[in-house]
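Protein sequences appear in the order of chains V and X.
Counting in this note's numbering, the first sequence runs from 5 upward without gaps.
Counting in this note's numbering, the second sequence runs from 243 upward without gaps.
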Amino acid sequence: MLEKFTTIRGRAVPLRGEDIDTDRIIPARFMKVLTFEGLGKYLFYDERFDETGNPKPHPLNDPRYQGASILLVEAGFGSGSSREHAPQAIKRAGFRAIIGESFAEIFFGNATAIGLPCVTLAPEDLGVLFKAVEEKPDLEVEVDLVSKEVRFGGRTAPLFIPEETREALVEGLWDPIGELLQAGELLDEFDRHLPYPRRSE
Amino acid sequence: MGKTLYEKVWEAHEVRKLKSGQSQLFIDLHLLHEVTSPQAFGMLRDLGLKVRYPHRTFATVDHIVPTHDRTEPFQDPLAQSMLEALRQNTKEHGITFFDLGSGNQGIVHVIGPQLGLTQPGMTIACGDSHTSTHGAFGAVAFGIGTSQVRDVLATQTLAAQKLKVRRINIEGKLAPGVYAKDVILHIIRHLGVKGGLGYAYEYGGSTVEAMDMESRMTLCNMSIEGGARIGYVNPDETTFAYLEGRPYSPKGAEWEEAKKRWRAFASDPDARYDDVVTFRAEEIPPTVTWGINPGQAIPVDGRIPLLEELSPEERPVAEEALAYMGLKPGQPIKGVPVQVAFIGSCTNARLSDLREVARFLKGHKVKKGVRALVVPGSEWVAKKAEEEGIAEIFREAGFEWRNPGCSMCLAMNPDRLQGDELAASSSNRNYKGRMGSPRGRTVLMSPLMVAAAAVAGEIADAREVFGIGR
């Protein structure tokens, strides 16, 4: 039984910057792995550490945001490479949801498929949330996928997410493999009718 | 009301609706490489599942292969283990694997079309965002994550949501020295790196109709850099001529039948698009990037924008880009010194790319101090290039002629930038750290412009360096 995501509550880390690509989220050299285990420690590695491994100023290195479970981002987050390693690293670093202005599609799909909800807010609301979290790092933020709103510091902002994705997260259908398998013989019919590539003799 | 190719392909492959409201979409062709597949096979094992239709999946190794010395074991044990894992997984599940030395190894998006696996009207998926490349054939082709690789292996289907379609017309004749790479950089420059979110891009118009297949592949390849997960060109006689006689193309009586079927997938003349944008070919200059995303691009004879010329939303990323690149607002891009010249990647490492460069490069020399390398897209491309004398032209000019792979485009192998080196590159991404050094810098351009930069030792206009168009 998959987890049903209704509300996610926690502190948030504000990560500013537009069009943050998945190469930045996890540099390619950390993808020489056969499993996703342990990827959390490489999250934003080159932005967080210098070439000798010393920490640089970065929200994820800031002690005030340690233990946060919601990642706050701007527009175009997760662009570029389709590497699932990116949302895997975010999830394995302890994040349970991402709030942003917009997400690259492959990233969004990958995140959803591993149970890491990504929701968007209107730019004005997102701006207010960024400011609030920057001013008060221990502010509690609540992502409510049932009432479709984000709540923080006495404010409520409507959140946006495609209805199919929301449904999948709330009903615990976000990993589709079980349902895909149920198509059974219907799949064989498609395999027969779609001629190429041919079965090798 | 007519339909677009995207709608027709979708309808032909929609198995059923899922409870969430998404569609279950059948995938004709699934391509695998070593980086995004091992975890998927691990998941199959954990779930006790098998590969449902092994004949619909093909694998090769491209990202981690060393391009100078491919003797095994590789110096990098992690790279070796990824290759071994793919060998083992494909063997265990009965999947065709184009291994090193098979004659068919290469960048996954080069070998699919080259072998005739990529065909019009197909749905094609691969754990790689540049799967959009295959759209050049009128396929609906897109990148997926590893969990979805598992889904395709186990069921040959994916949970998917339908996109809108934007028709991008390019009309007219490209000027000499201007290529498909310039066209796509120009499009991204104008529509933005987020412009394609929610859309599949359909490229058409007289410029695209006149393009050969490999140019169309370059165009579709970088759809993802414009935010569009899918980019395609309607199949036509150029498409069929390219496919005829390839190893996996239909043969004999099947060939005529296939062409008939493929033709029917092309968008109807009265198809409805969610958006239409038109560009004039004559207005497209040789284009280069100056920043840290592919939308930050200018004509090669232009200047880097002043901050006040940019919209308020563009400014923060522009400032970040200028600081990272060590460039100044208002500065000409021409004349910026380059330390590395890279011709390769799934965008521009096909035979026609190398032929075109060789045609002009002959008799020129790479500037002293510039490290220049050519990484052909596949073993087949490399072999043909040797036979045609192209490889020798590159070597004589001072380029290193390497073995096929993704190489420096994402630097998962030993080919990488050092420190803050600046590379003129025919690849697709100029992201921070992309070419393997956290401070390394990338300037994207056409392969001929890379050759010009290699010869000049700085960003240069290929038309001037090689005397084109005068």
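C-beta: ideal position from N, C-alpha, C; glycine also.
Requested in this report: Let me know if Thr56 (chain V) comes out buried or exposed under the rule of 16 or more other beta-carbons within 10 Å of its beta-carbon.
Outcome: Taking the first sequence and counting its residues from 1, the one referred to as residue 56 (chain V) is at position 52. It is exposed - the Cβ of Thr56 (chain V) has fewer than 16 other Cβ atoms within 10 Å.
Requested in this report: Say whether chain X places a C-beta atom closer than 7 angstroms to the C-beta of Ser73 (chain V).
Outcome: The sequence position of residue 73 (chain V) within the first sequence is 69, counting from 1. Cβ-Cβ to chain X under 7 angstroms: no for Ser73 (chain V).
Requested in this report: Just list the alpha helix (DSSP H) runs in the region 33 to 113 of chain V, keeping only unbroken ones of 4 residues or longer that don't cross its boundaries, in chain order.
Outcome: With a minimum length of 4 residues, the continuous alpha helix (DSSP H) runs that stay inside the region 33 to 113 of chain V are 49 to 52, 89 to 96.
Query - Beta-bridge pairing of Gln390 (chain X) - partner residues as DSSP gives them - result: For the purposes of this step, residue 390 (chain X) is taken as the residue at position 148 of the second sequence. BP columns for Gln390 (chain X) are empty, so no partner.
**Report entry** Terminal residues of the alpha helix (DSSP H) in which Tyr484 (chain X) lies
**Finding:** As a working note, residue 484 (chain X) is residue 242 in the second sequence. 479 to 485 is the extent of the alpha helix (DSSP H) around Tyr484 (chain X).
Query raised in the report: Would you call Asp516 (chain X) buried or exposed, if buried means 16 or more other Cβ atoms sit within 10 Å of its Cβ?
Result: For this step, residue 516 (chain X) is matched to residue 274 along the second sequence. The residue in question, Asp516 (chain X), is exposed, as its Cβ has fewer than 16 Cβ neighbours within 10 Å.
**Report entry** Alpha-carbon spacing of Gln322 (chain X) relative to Val77 (chain V), whole angstroms
**Finding:** Stepping through the second sequence from its first residue, residue 322 (chain X) is reached at position 80. Stepping through the first sequence from its first residue, residue 77 (chain V) is reached at position 73. Cα-Cα distance, rounded: 36 angstroms.
Requested in this report: Please name the residue in X:Leu247, X:Ala591, X:Ala452, X:Met691 whose C-alpha comes closest to that of Lys404 (chain X).
Outcome: Reading the second sequence from its first residue, position 162 is the one you call residue 404 (chain X). It is X:Leu247 whose Cα lies nearest to the Cα of Lys404 (chain X).
Query raised in the report: According to DSSP, which residues form a beta bridge with Ile366 (chain X)?
Result: Start at 1 with the first residue of the second sequence, and residue 366 (chain X) comes out as number 124. The partner list for Ile366 (chain X) (beta bridge, DSSP) reads X:Leu271, X:Ala383.
Query - Residues in the region 153 to 177 of chain V having any Cβ partner in chain X nearer than 7 angstroms - result: Result list: Pro166, Glu167, Glu168, Glu171, Ala172, Leu177.
Query - is_contact[Leu198 (chain V), chain X] using C-beta, thresh 7 angstroms - result: Sequence index remark: in the first sequence, residue 198 (chain V) carries index 194 (1-based). True, the Cβ-Cβ gap to chain X drops below 7 angstroms.
Query raised in the report: From this set, V:Glu193, V:Gly182, V:Leu149, V:Ala97, which residue's C-alpha is nearest Val17 (chain V)'s C-alpha?
Result: Here residue 17 (chain V) is taken as the residue at index 13 of the first sequence, counted from 1. Of the candidates V:Glu193, V:Gly182, V:Leu149, V:Ala97, the residue whose Cα lies closest to the Cα of Val17 (chain V) is V:Ala97.
Query raised in the report: Are the C-beta atoms of Ile110 (chain V) and some chain X residue less than 7 angstroms apart?
Result: Residue numbering aside, residue 110 (chain V) sits at position 106 when the first sequence is read from its first letter. For Ile110 (chain V), the nearest beta carbon of chain X is closer than 7 angstroms to its own beta carbon.
Query - Option in X:Asp662, X:Thr299, X:Arg503 with minimal Cα separation from Pro579 (chain X) - result: Here residue 579 (chain X) refers to the residue found at position 337 when the second sequence is read from its first residue. Nearest C-alpha to Pro579 (chain X): X:Asp662.
Query raised in the report: Which partner residues does Ser620 (chain X) have in the DSSP bridge list?
Result: Sequence index remark: in the second sequence, residue 620 (chain X) carries index 378 (1-based). BP columns for Ser620 (chain X) point to X:Gly348.
Query raised in the report: Is DSSP giving Asn590 (chain X) helix, strand or coil here?
Result: Mapped onto the second sequence, residue 590 (chain X) falls at position 348. Coil.
**Report entry** Cβ pair Thr399 (chain X), Ala383 (chain X) closer than 7 angstroms
**Finding:** Taking the first residue of the second sequence as 1, we reach residue 399 (chain X) at position 157. Taking the first residue of the second sequence as 1, we reach residue 383 (chain X) at position 141. Inclusion of Thr399 (chain X) and Ala383 (chain X) in the CB contact set at 7 angstroms is not warranted, their separation being larger than that value.
Query raised in the report: Got a sec: is the Cβ-Cβ distance from Ser560 (chain X) to anything in chain V below 7 angstroms?
Result: Position 318 of the second sequence, counted from the start, is the residue given in the question as residue 560 (chain X). Before going further, note that residue 560 (chain X) is Ala rather than Ser in the sequence given. Answer no: the Cβ-Cβ gap between Ala560 (chain X) and chain V never drops below 7 angstroms.
Query raised in the report: Looking only at C-alpha atoms, which of X:Gly709, X:His275, X:Asn535, X:Leu596 sits nearest to Glu556 (chain X)?
Result: To locate residue 556 (chain X), count along the second sequence from 1; it is residue 314. Ranking X:Gly709, X:His275, X:Asn535, X:Leu596 by Cα distance to Glu556 (chain X) puts X:Asn535 first.
**Report entry** Other residues of its chain near Leu618 (chain X): CB distance less than 7 angstroms, five sequence neighbours each side excluded
**Finding:** By 1-based counting over the second sequence, the position of residue 618 (chain X) is 376. The displayed chain sequence assigns Pro, not Leu, to residue 618 (chain X). Closer than 7 angstroms at the Cβ level, and outside the excluded window around Pro618 (chain X), lie Ala591, Leu596, Ala624, Ala627, Pro646.
Requested in this report: For Ala126 (chain V), name the three-state secondary structure that DSSP assigns.
Outcome: Position 122 of the first sequence, counted from the first residue, corresponds to residue 126 (chain V). Assignment of Ala126 (chain V) by DSSP, reduced to helix, strand and coil, places it in the coil class.
Query raised in the report: Looking at the C-beta of Pro180 (chain V), does it have a partner C-beta in chain X at a distance below 7 angstroms?
Result: Here residue 180 (chain V) refers to the residue found at position 176 of the first sequence. So, interface residue.
Query raised in the report: Using CA coordinates, which residue listed in V:Ile110, V:Arg15, V:Leu163, V:Gly42 is at the minimum distance from Ala126 (chain V)?
Result: To locate residue 126 (chain V), count along the first sequence from 1; it is residue 122. Per the C-alpha coordinates, the member of V:Ile110, V:Arg15, V:Leu163, V:Gly42 positioned closest to Ala126 (chain V) is V:Leu163.
Query raised in the report: Between which two residues does the alpha helix (DSSP H) containing Phe715 (chain X) stretch?
Result: Nothing about residue 715 (chain X) can be read from this structure; chain X reaches only from 243 to 712.
Requested in this report: May I have the straight-line CA-CA distance separating Ala638 (chain X) from Val608 (chain X), to the nearest angstrom?
Outcome: What you label residue 638 (chain X) is simply residue 396 of the second sequence in a count that begins at 1. What you label residue 608 (chain X) is simply residue 366 of the second sequence in a count that begins at 1. The question names Ala, but residue 638 (chain X) in the sequence shown is Glu. It is roughly 9 angstroms from the alpha-carbon of Glu638 (chain X) to the alpha-carbon of Val608 (chain X).
Query - Start-end ranges of the alpha helix (DSSP H) lying completely within the region 625 to 673 of chain X, minimum 4 residues - result: 632 to 639, all fully within the region 625 to 673 of chain X.
Query - With 16 other Cβ atoms within 10 Å as the buried cut-off, status of Gln5 (chain V) - result: Looking up residue 5 (chain V) in the first sequence gives position 1. Reading off the sequence shown, one finds Met at residue 5 (chain V), where the question assumed Gln. With fewer than 16 other Cβ atoms inside 10 Å of its own Cβ, Met5 (chain V) counts as exposed.
Query raised in the report: Where do the N-terminal and C-terminal ends of the alpha helix (DSSP H) with Leu320 (chain X) fall, by residue?
Result: Numbered from 1 along the second sequence, position 78 holds the residue referred to as residue 320 (chain X). Segment 319 to 335, the alpha helix (DSSP H) holding Leu320 (chain X).
Query raised in the report: Does the count of Cβ pairs from the region 644 to 659 of chain X and the region 571 to 586 of chain X closer than 8 angstroms reach three?
Result: Taking 8 angstroms as the limit for Cβ pairs, the verdict is that the region 571 to 586 of chain X does touch the region 644 to 659 of chain X.
**Report entry** Secondary structure of Asp148 (chain V), DSSP reduced to three states
**Finding:** As a working mapping, residue 148 (chain V) is identified with position 144 in the first sequence. Looking at Asp148 (chain V) - three-state DSSP - the assignment turns out to be strand.
Query raised in the report: Between Glu706 (chain X) and the rest of its own chain, which residues show a CB-CB distance below 6 angstroms, the 5 nearest in sequence each way excluded?
Result: Here residue 706 (chain X) refers to the residue found at position 464 of the second sequence. Within the same chain, Glu706 (chain X) has no close Cβ partners at all.
Query raised in the report: Do you know how far the Cα of Ser448 (chain X) is from the Cα of Ser509 (chain X)?
Result: Residue 509 (chain X) sits at position 267 when you count from the first residue of the second sequence. Residue 448 (chain X) sits at position 206 when you count from the first residue of the second sequence. Straight-line Cα distance between these residues: approximately 15 angstroms.
Query - C-alpha gap between Ala513 (chain X) and Gly487 (chain X), whole angstroms - result: By 1-based counting over the second sequence, the position of residue 513 (chain X) is 271. By 1-based counting over the second sequence, the position of residue 487 (chain X) is 245. Cα to Cα, Ala513 (chain X) sits roughly 32 angstroms from Gly487 (chain X).
Query raised in the report: From V:Pro166, V:Ile29, V:Arg33, V:Ala136, pick the residue whose C-alpha is nearest to that of Arg155 (chain V); which is it?
Result: As a first step, residue 155 (chain V) must be located in the first sequence, where it is residue number 151. Arg155 (chain V) has its Cα closest to that of V:Ala136, out of V:Pro166, V:Ile29, V:Arg33, V:Ala136.
Query raised in the report: Who are the neighbours of Leu184 (chain V) on chain X, taking C-beta pairs under 7 angstroms?
Result: Your numbering for residue 184 (chain V) matches position 180 in the first sequence. Those within 7 angstroms of Leu184 (chain V) in chain X are Gln266, Asp393, Thr397, Thr399, Ala401.
Query raised in the report: On the three-pair Cβ rule with 8 angstroms, is the region 294 to 306 of chain X touching the region 346 to 364 of chain X?
Result: The answer is yes - the region 346 to 364 of chain X touches the region 294 to 306 of chain X, with three or more Cβ pairs under 8 angstroms.
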